[in-house]
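Enquirer: Residues in the sequence shown are numbered from 268 upward in steps of one, following the numbering used here.
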Amino acid sequence: MLSCDLVSLAASYIRTESEGGLPTEDEQMATIVAYAAENGYDLVAHYKDLDAPGHLLYHRPGLKQAINNIKELEDWEVLVVAQPRCVSDTDSAVHEFVHKLSLYGNRLESPARPWEGFLADMRSYRRAMASGRGRS
268 MLSCDLVSLA ASYIRTESEG GLPTEDEQMA TIVAYAAENG YDLVAHYKDL
318 DAPGHLLYHR PGLKQAINNI KELEDWEVLV VAQPRCVSDT DSAVHEFVHK
368 LSLYGNRLES PARPWEGFLA DMRSYRRAMA SGRGRS
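1) Could you pull out every residue in the same chain whose Cβ sits closer than 7 Å to the Cβ of Y325, ignoring the five residues on either side in sequence?
2) If the criterion is Cβ atoms closer than 8 Å, does the pair G321 and D356 meet it?
3) Rounded to the nearest angstrom, what separates D318 and G307 at their Cα positions?
4) Go to I281, then tell me how far its beta strand (DSSP E) extends in each direction, as first and last residue.
5) Starting from E294, trace the beta strand (DSSP E) in both directions and tell me its first and last residue.
6) Straight-line CA distance for A277 to R390?
7) Can you name the residues that DSSP bridges to L346?
8) According to DSSP, H313 sits in a beta bridge with which residue or residues?
9) Within 10 angstroms of its Cβ, does N373 collect 16 or more other Cβ (buried), or is it exposed?
10) Nearest-angstrom Cα distance between R393 and V347?
11) Per the DSSP calculation, R380 is bridged to which residue(s)?
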């Protein structure tokens, strides 16, 4: 009889900021480790951007390394963050990041928002942008 207990490979991403608006590195890691254990994820990679501003995603070396991993190495399927703001302070940046992950078959999760929530928000955002409602 085959076991149905499949473990998903996951990575952690931590971003702190000098203004202190995000939890500390240790607090984020504790949250991520607990979430991974609760969901049966094996954390196999860790990415960090310490004291990084919350807007421009692609200027952060840790996040760029995570993106390169999903494009080339495919070592993990889930990127776990302590909270959505750890990716970016800007909803549009989070939505674009979720879109990129979805293109490669990866996903973003946090205790505050499961993948389905990120995906639904991203799709609504992209529909609004396509229809012109999301433009200022």
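Where is the CB? At the ideal position from N, CA and C, for every residue including glycine.
Expert: Well, looking at it:
1) K331
2) yes
3) 30 Å
4) 275-282
5) Per DSSP, E294 belongs to no beta strand (DSSP E); it is in the alpha helix (DSSP H), 292-306.
6) 23 Å
7) A278, L375
8) S279
9) buried
10) 23 Å
11) S377
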